[in-house]
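See below for the structure under consideration.
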Amino acid sequence: MTGTISDPNVRERIVSWEQDTCKDLAPRFREMMLSRARVAHLKGFKSFFEYRSQFKMMNTTSVDLFLKDLKSKIDRYANAFMESAIEQKMNDLGYDFTIKNLRERLRRGKTIRDYQNNHPEAQINWGDYSYYTTLKSKFISKSKQSEDLKFHEYFPMDHSMRRVLSIFGDLLGLTFHESPPGDQRRQVPIATYLRSQNLTEHNTALDVFWVFDITGITPKRLGSLILDVGEREGKPRKVFCTTFGTFLFENEISRLLPGVAIVGPFIKPTSRSPFVFNHQGLSTFAHELAHAIHRLVQGGNKPFITGPRDFVEIPSITAEKWTSNPVVLQRISCHYTYLEQEYLTAWKDGFSPKIPPPQPPRQAPLEMFNEIHYKKCQLDITCLSPLVLAVPDGD
335 MTGTISDPNV RERIVSWEQD TCKDLAPRFR EMMLSRARVA HLKGFKSFFE YRSQFKMMNT
395 TSVDLFLKDL KSKIDRYANA FMESAIEQKM NDLGYDFTIK NLRERLRRGK TIRDYQNNHP
455 EAQINWGDYS YYTTLKSKFI SKSKQSEDLK FHEYFPMDHS MRRVLSIFGD LLGLTFHESP
515 PGDQRRQVPI ATYLRSQNLT EHNTALDVFW VFDITGITPK RLGSLILDVG EREGKPRKVF
575 CTTFGTFLFE NEISRLLPGV AIVGPFIKPT SRSPFVFNHQ GLSTFAHELA HAIHRLVQGG
635 NKPFITGPRD FVEIPSITAE KWTSNPVVLQ RISCHYTYLE QEYLTAWKDG FSPKIPPPQP
695 PRQAPLEMFN EIHYKKCQLD ITCLSPLVLA VPDGD
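Taken in order, the sequence shown gives residues 335 to 729; the numbers are from this note's numbering.
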């Protein structure tokens, strides 16, 4: 709500109201943080961060280094954003104010933070952060074209999803074995998933993958991943990740492994063209896949409750950043005309037969992603919230 309120005084009143409303929770929140740390210490861990990391693919040291590296990379964007927000807020309040003039007036050794400490009106609360972040996002979206007009031709959905699975697998030490339609073992996770969604098999086409951790001496089965991305009546118009339990029988022993599904309302391909991703669709799929991997590695079959938000969102934010990297996008890309001869024929039908153009290159050129990379770098301020949440758990 505060992202739409232009009056700084109104935002200030809302922030004050919420803080006053929830101030009785502050001692409880502090006690919760301390209790989590005590539990970790009693279990022989240095911090709650280290305790939680034992359930992840990355160890404590690598997670800590990753967070520090991510913070260092977005520092300049964050500082530039905060200075811009201060300047905008002061102007909205009627002050003749610029950061440049403030720097010239500051005494030696003093910082902008010192100025804010002495001038409360220049401080940025969460309401201001929400409002000016919204403005920045709208400005960037309008000032720069988000993606090349030919982008979608290089990201047919089925191919792109499997390329993302392969890249994530290489990076995290996982492998995704697709279960073919005739494999009887796929019926168990499918039946369990369909029951959880109140569906019947005859009206739903599903892709099933068995997920293995291959970082050890022998592969360890983590669970099943279902891609429910076909269009059907009554399907929610959003992409999300959901968890269900899967019974798997091995050597006459019944084990309960987690099953995770990524659900999306994508359109079915035709004989002339496949369904294709725009960048937002590809980024959203990568985001949800990171949630799915997180749940599989966690090993639970219950609804996904793992505690602090930082442990939930940072992997997905990282996945989104990867899908804005031009090199990664090029690795994922493949022009749809290379997938089926029918697609190539239909593509050629769109041009004059007298002077047919050459078939586009198989992979997209790097320069196709320049605008996407620019836009994502400018919006890296969105990483700050989970980063801030991650800091206390490292102590």
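Positions of the beta carbon are idealized from the N, C-alpha and C atoms, including for glycine.
Nothing here was measured: the structure is a model prediction, and the numbers come from that model.
Touching or not, the region 619-626 and the region 498-515, by the rule of three or more beta carbon pairs under 8 Å? yes
Report the option in D683, W681, L700 and I651 whose CA atom is closest to the CA atom of K405. Start at 1 with the first residue of the sequence shown, and residue 405 comes out as number 71. Looking at the Cα atoms, I651 is the closest of the given residues.
Closest by C-alpha distance to K524, when choosing among W544, P690, F510 and E438: Position 190 of the sequence shown, counted from the start, is the residue given in the question as residue 524. The sequence as given places Ile at residue 524; Lys does not occur at that position. That would be W544, whose Cα lies nearest to the Cα of I524.
C-alpha distance - R386 paired with N459, whole-angstrom precision: Walking along the sequence shown from the start, residue 386 turns up at place 52. Walking along the sequence shown from the start, residue 459 turns up at place 125. About 30 Å.
Measuring CA to CA, which of L678, Y465 and F502 is closest to D547? In the sequence shown, counting from the first residue as 1, residue 547 sits at position 213. For D547, the nearest C-alpha among the options comes from F502.
N- and C-terminal bounds of the alpha helix (DSSP H) containing F363: Counted from its first residue, the sequence shown places residue 363 at position 29. Per DSSP, F363 belongs to the alpha helix (DSSP H) from A360 to L376.
Report the option in T467, P514, Q664 and D462 whose CA atom is closest to the CA atom of Y411. Counting from 1 along the sequence shown, the entry for residue 411 is found at position 77. Considering only alpha carbons, the answer is T467.
Whose C-beta lies closer than 7 Å to the C-beta of I601 among residues of the same chain, with five residues either side of it excluded? For the purposes of this step, residue 601 is taken as residue 267 along the sequence shown, with counting starting at 1. Same-chain partners within the cutoff: E565 and F609.
Just to confirm, are G550 and L591 a CB contact at a threshold of 8 Å? The count along the sequence shown starts at 1 and reaches residue 550 at position 216. The count along the sequence shown starts at 1 and reaches residue 591 at position 257. No. Outside cutoff.
Assign V563 to one of three DSSP states: helix, strand, or coil. Indexing the sequence shown from 1 puts residue 563 at position 229. DSSP places V563 in coil when its eight states are reduced to three.
Short check: CB of Y465 to CB of R345, under 8 Å? Translated into positions along the sequence shown, residue 465 becomes position 131. Translated into positions along the sequence shown, residue 345 becomes position 11. Yes, they are a contact pair.
For the candidate residues Q518, V597 and F485, whose alpha-carbon lies nearest to that of S530? Position 196 of the sequence shown, counted from the start, is the residue given in the question as residue 530. Cα-wise, what sits closest to S530 is V597.
Classify C575: buried if its beta carbon has 16 or more other beta carbons within 10 angstroms, exposed otherwise. On the sequence shown, residue 575 is found 241 positions in, with the first residue counted as 1. Its Cβ being crowded by 16 or more others within 10 Å, C575 is buried.
Can you tell which of H453, D462 and N435 has the C-alpha that lies nearest to the C-alpha of Q422? Here residue 422 corresponds to residue number 88 of the sequence shown, with the count starting at 1. Among H453, D462 and N435, the Cα nearest to that of Q422 belongs to D462.
Can you give me the C-alpha to C-alpha distance between H453 and F431, rounded to a whole angstrom? Indexing the sequence shown from 1 puts residue 453 at position 119. Indexing the sequence shown from 1 puts residue 431 at position 97. Taking the Cα positions, H453 is about 13 Å away from F431.
Kindly list the residues whose CB is nearer than 6 Å to the CB of E512, restricted to its own chain and excluding five residues on each side of it in sequence; keep chain order. Taking the first residue of the sequence shown as position 1, residue 512 is located at position 178. F543, listed in sequence order.
For Y670 and N343, I'd like the C-alpha separation in whole angstroms. By 1-based counting over the sequence shown, the position of residue 670 is 336. By 1-based counting over the sequence shown, the position of residue 343 is 9. Straight through space, the alpha carbons of N343 and Y670 are spaced by roughly 53 Å.
Inter-residue spacing [alpha-carbon to alpha-carbon] between L505 and R665: Counting from one through the sequence shown, the residue named residue 505 turns up at place 171. Counting from one through the sequence shown, the residue named residue 665 turns up at place 331. Their backbone Cα atoms lie some 13 Å apart in a straight line.
Quick one: what does DSSP say E586 is sitting in, helix, strand or coil? On the sequence shown, position 252 is the one that residue 586 refers to. Below a pLDDT of 50, predicted positions are generally treated as unreliable, and E586, at 48, falls in that range; the measurement from the model is reported next regardless. E586: coil per DSSP, three-state reduction.
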